[in-house]
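Heads up, the sequence shown is in this note's numbering, so the first residue is 129 and it goes up one at a time.
For glycine and all other residues, C-beta sits at the position ideal for the given N, C-alpha and C.
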Amino acid sequence: MQTIREVMTPDVQTISPQETIQRAAQMMDDLNVGAIPVCDGERLVGMITDRDIAVRSVAAGQAPDRTCVGDVMSTDVRTCFSDQGVDEVMSTMGDVQIRRVPVIDAASKQLVGIVSLGDIATKSAGSADEALDEISTPSAPDRSPTRH
């Protein structure tokens, strides 16, 4: 069984919930990523994605240089353990329609990396097609509609 440790990206960059979304967007650009784990000290408290910034902040008219990551980040974060099997994590990603999962060390409970569908597709011995199909199915917007 291939484990997440074998396919994950280690030493992932994180951001504090007190940083601005402008800083988060700059980091995403510099790192060429679409999501950054949010940590309060050593503790994972959320994820900030390019979609969070666009939909929850910019579309709502918030100023990027004055809006904190903690105000728009996703807090219901699915995680996995570094010793979990790739197939199990890939199945969960498909079930909940997510493309990236922070990886936690089971012993220390610390963030040790991140695994993306791309990592699994390029580094895994299995196939990511089924998870990609499930993840790519459209879902409802994650904000309430604005009434005019």
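The stretch 207-223 makes contact with the stretch 129-136: 3 or more CB pairs, one atom from each, lie closer than 8 Å.
Going by DSSP, T203 is part of no beta strand (DSSP E) at all; its letter is neither H nor E.
Under the DSSP definition of a beta bridge, T177 partners with A163.
Per the C-alpha coordinates, the member of C167, A152, D168 and T220 positioned closest to V161 is A152. Between A163 and I176, the beta carbon gap of about 7 Å places them in contact (Cβ cut-off 8 Å). In the displayed model, D168 falls within a strand according to three-state DSSP. Annotation: R194 to Q154 spans about 14 Å, alpha carbon to alpha carbon.
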